[in-house]
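Trainee: With the working numbering applied, the sequence shown covers 3 to 635. Virtual Cβ for every residue (Gly too), placed ideally from N, Cα, C. Here the structure is a predicted model, which means the values were calculated and not measured.
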Amino acid sequence: MRMSYQAEYQRSIEQPELFWAEQARTIPWYTSPKTILSQDNDGIYHWFEDGELNTCYMAVDYHVEQGRGEQPAIIYDSPVTGTKNTVTYSELQSQVAAFAGVLKSQGVEKGDRVVVYMPMITEAVVAMLAIARLGAIHSVVFGGFAPHELAVRIEDAQPKLIVTASCGIEVAKVIEYKPLVDNAIELSSYKPQACIVLQRPQAKAVMQEGRDIDWYTAVAGAAPADCVAVKGTDPLYILYTSGTTGKPKGVVRENGGHAVALKYSMTAVYNIQPGDVFWAASDVGWVVGHSYIVYGPLLHGCTTVVYEGKPVRTPDAGAFWRMVDEYKIKALFAAPTAFRAIRKEDPTASELAKYDISSLDTIFMAGERLDPPTYLWTVDKTGKPVVDHWWQTETGWAICANLMGVEPKPAKPGSSTVPTPGFNVQVLDARGQELPPGEQGAIAIKLPLPPSCLATIWGDLERFKSGYLSDFPGYYCSGDGGYKDDDGYVFIMGRTDDVINVAGHRLSTGEMEEILAAHDAVAECSVIGVHDALKGQEPVGLVLLKDGYDIDPDDLQKELVAMVRKEIGPIACFKRAVVVPRLPKTRSGKILRKLLRQIAANQEVAVPSTIDDPASVPEIESIMKAQGLVASD
């Protein structure tokens, strides 16, 4: 019987050890933990330190033992290559054990690191699970990252091996990975001892004798490897996220808390049962791919989907709906930018009409702020509940969500609903005092963080403390700003540095973006503060139009200015809206607002490694200069 949200949440905050001990009993430990929550000598909290488990065993072998061997574990669909196949749990067990045997033959042991640099193919999942099977630590780097960025991660993680493929495919473009990997190894002061290469038919990699190993040849001669027991606090993976200094931060995920939290989330957040088909339309290089392509669905005994394609142009804006229809997907999870892209190319949803999406219960969105127009369009066109949930690479699962498996609540566009059990979310002022409903401040989480959240930065505990724990002692600082309303709903308005100061008034650019995005002509937008001699800063909107929408830019600007004036008032001082052909984004679809601010401030532009199209930077810089939006020296 479902417990009410309030009862579930209060129990998790007031009795965290009892609450998470109960959740821990839902996974198959080798040795069940007796110590649920502990603190180390540095005052850092850890979960389930004396438990013993293996994440690969729980995600694969256990389900075979429980009679799920013939159930599909992975559905692979690649519109860019025209390839589809299904892997059952029994087949996955064989493939993972064999590849773990390859790794073991190369000397990979418990605690060793292995870098995975792969496209969205089944073998990427096999590699991650095989590394976990041996008690080793994987660090997945998004396939196609520049050699310098890969080299930085190699130097930091110091992997024994690199696992890669000959190429990845971006719509109609083949990206050869092996030259990028070779260059990265050359740039890195640390040299991995070997590189395992999966040859794909679209490109043949040149192998380096004495170092490079062919995936298929090695697997054919491998002895299957068994699962290795690890402690609950032993690392499962390192995942790099961009840092303010430019040096990426290696978020460390511990085995025990990760498995418990993800298993709980599959029912509590997503209302998914074992055997259901779950699709996170992300990439294994991102945290969403780790949590909800690989581990969450497989820990729960579901069928997960590995999709090598895009929401549009592979081949059209009906790609997502075709997938739901073909595989009877129950839950679809993607970033808002994916649905904005679909809406931009197919605003009337004519492609959706071609498919049966009756199997779909819920659409989930995360990764960036879900603007109300995108939310309302998706609800209107699909007729499905849309859940906006907020989380971070650092947490590994949702901080706030509409808990579909506990007590679904009425949605409020612009809100990620309420805190997830375990997350004591508070809105603080600059002095660390909790603010009343309706007042914007810094979003912080009272310690201890629940299971699955990072316990350190790889090799740099002080960076973890200074970056996350020092602003508000006793709290984890999320870096996001927002507010709670009278019902306890949380509204994330953007990073705390997305607040601009106009004539002494602190204004949220996220709030203005929400208003601009509501215009029929606007597909996407970004509001930044530009220097103003009188007011300090003035907001300017950079807007991308929907395909086929014809409107005079001056007329559009007048309409947008009027909308902001009506919703926020003259205090916003919003007077400029510039139409641009594209906005610089990360590969996961986030608009690079910090980069836009740097251009506007005439600062040195730090182009992150996660950028999707580097050519968009000089293009937008040229437009902003021509429009007088760049501060003079």
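1. Below 8 Å, how does it come out for the segment 10 to 30 and the segment 432 to 441: are there three or more Cβ pairs, yes or no?
2. Rounded C-beta distance between lysine 332 and serine 361? I'm assuming under 8 Å.
3. Give me, in chain order, the residues of the same chain whose beta-carbon lies closer than 6 Å to that of methionine 3; leave out the 5 immediate sequence neighbours on both sides.
4. Going by beta-carbon coordinates alone, are valine 549 and lysine 346 separated by less than 7 Å?
5. To which residues of the same chain is alanine 343 closer than 7 Å at the C-beta, ignoring the five residues directly before and after it?
6. Shortest alpha-carbon distance to phenylalanine 50 belongs to which of Ile622, Ser454 and Thr612?
7. With the cut-off set at 7 Å, would you say glutamate 10 and valine 262 are in Cβ contact?
8. Can you round the beta-carbon distance between isoleucine 240 and tryptophan 460 to whole angstroms, since I take them to be within the 8 Å contact cut?
9. With distances taken from CA atoms, which of Gly303, Leu430, Pro555 and Ile123 is nearest glycine 443?
10. Rounded to whole angstroms, what's the CA-CA distance from leucine 558 to leucine 547? Just pull it up for me.
11. When you compare only the Cα positions, how much space is there between leucine 405 and proline 450?
12. Apart from the five residues on each side of it in sequence, which residues of its chain come closer than 7 Å, Cβ to Cβ, to lysine 448?
13. Just to confirm my understanding: we take alanine 628, look at its own chain, exclude 5 residues before and 5 after, and list those with CB closer than 6 Å. What are they?
14. Label arginine 433 either buried or exposed according to how many other C-beta atoms from any shown protein chain fall within 10 Å of its C-beta, with 16 as the threshold for buried.
15. For methionine 122, which three-state DSSP category applies?
16. With a cut-off of 8 Å on the beta carbons, I'd call valine 62 and valine 173 a contact; round off their distance for me.
17. Taking its Cβ as the centre, do 16 or more other Cβ atoms sit within 10 Å of serine 14, making it buried, or is it exposed?
18. Looking at the unbroken beta strand (DSSP E) that takes in glutamate 72, where does it start and where does it end?
19. Going along the chain, which unbroken runs of the alpha helix (DSSP H) with 4 or more residues stay wholly within the segment 112 to 181?
20. Just verifying my parser: in three-state terms, what is the DSSP assignment at glutamate 19?
21. Taking Cβ positions, are valine 128 and tyrosine 91 nearer each other than 7 Å?
22. Pick out whichever of Val143, Ala337 and Ile359 has its Cα sitting closest to the Cα of aspartate 373.
23. Less than 6 Å between C-beta atoms, sequence neighbours within five positions excluded: which residues of the same chain meet that for asparagine 503?
24. So with Cβ pairs under 7 Å, would you call isoleucine 622 a contact of chain B?
25. Could you name each continuous beta strand (DSSP E) segment of 3 residues or more that falls completely within the segment 247 to 316, going from the start of the chain to the end?
26. Can you give me the Cβ contacts of glutamate 151 inside the same chain, cut-off strictly under 7 Å, excluding the 5 residues immediately before and after it?
27. Kindly identify the DSSP beta-bridge partner or partners of tyrosine 477.
28. Taking 7 Å as the limit between beta carbons, can you name the residues of its chain near aspartate 214, skipping five residues before and five after?
29. According to DSSP, is methionine 3 part of a helix, a strand, or is it coil?
30. Are at least three pairs of beta-carbons, each pair with one atom in the segment 277 to 294 and one in the segment 87 to 106, less than 8 Å apart?
31. Taking the alpha carbon of glycine 277 as the point to measure from, which residue in Arg589, Ile494, Arg70 and Arg595 has its own alpha carbon closest?
32. Output needed for isoleucine 593: all residues of its chain with C-beta closer than 6 Å, excluding positions within five of it in sequence on either side, in chain order.
33. Go ahead and label alanine 265 buried or exposed: buried means 16 or more other beta carbons lie within 10 angstroms of its beta carbon, across all protein chains shown.
34. According to DSSP, simplified to helix, strand and coil, what is histidine 391?
35. In whole angstroms, what is the alpha-carbon distance linking leucine 598 and alanine 270?
Mentor: In terms of the structure at hand:
1. no
2. 6 Å
3. Only weak support is given to the placement of methionine 3: the predicted model assigns it a pLDDT of 44, under 50, and the question is left unresolved by the model.
4. Note that residue 549 is aspartate in the sequence shown here, rather than valine. The answer is yes: Cβ separation under 7 Å.
5. Pro313 and Val314
6. Ser454
7. No; because the gap between Cβ atoms is not below 7 Å, this pair is not in contact.
8. Yes, isoleucine 240 and tryptophan 460 are in contact; Cβ-Cβ is about 5 Å, under 8 Å.
9. Leu430
10. 10 Å
11. Approximately 21 Å between the Cα atoms of the pair.
12. Asn426, Gln428, Gly476 and Tyr477
13. none
14. exposed
15. Note: methionine 122 maps to coil in three-state DSSP.
16. Actually they are not in contact, since the Cβ atoms of valine 62 and valine 173 sit about 32 Å apart, beyond 8 Å.
17. buried
18. From DSSP, glutamate 72 is part of no beta strand (DSSP E); its letter is neither H nor E.
19. 124 to 135 and 149 to 159
20. helix
21. No, the Cβ-Cβ distance between valine 128 and tyrosine 91 is not below 7 Å.
22. Ala337
23. Gly538 and Gln539
24. In the displayed structure, chain B is absent; only one protein chain is listed.
25. 251 to 256, 279 to 282 and 305 to 309
26. Here the set comprises Ser611.
27. DSSP, once it has assigned bridges, lists Lys448 as partnering tyrosine 477.
28. Closer than 7 Å at Cβ, skipping near neighbours: Cys197 and Val199.
29. Its pLDDT being 44, under 50, methionine 3 is placed unreliably in this model, and the value from its coordinates should be taken loosely. Methionine 3 falls in the coil class under three-state DSSP.
30. Counting Cβ pairs under 8 Å, fewer than three are found: no touch.
31. Closest by alpha carbon: Arg70.
32. If the five residues before and after isoleucine 593 are omitted, its C-beta is found closer than 6 Å to the C-beta atoms of Ser528, Leu585 and Lys587, all from its own chain and listed in chain order.
33. A small correction: the amino acid at residue 265 is lysine; alanine does not occupy that position in the sequence shown. When all chains shown are included, lysine 265 counts as buried.
34. coil
35. Put simply, the backbone Cα of leucine 598 is about 38 Å away from that of alanine 270.
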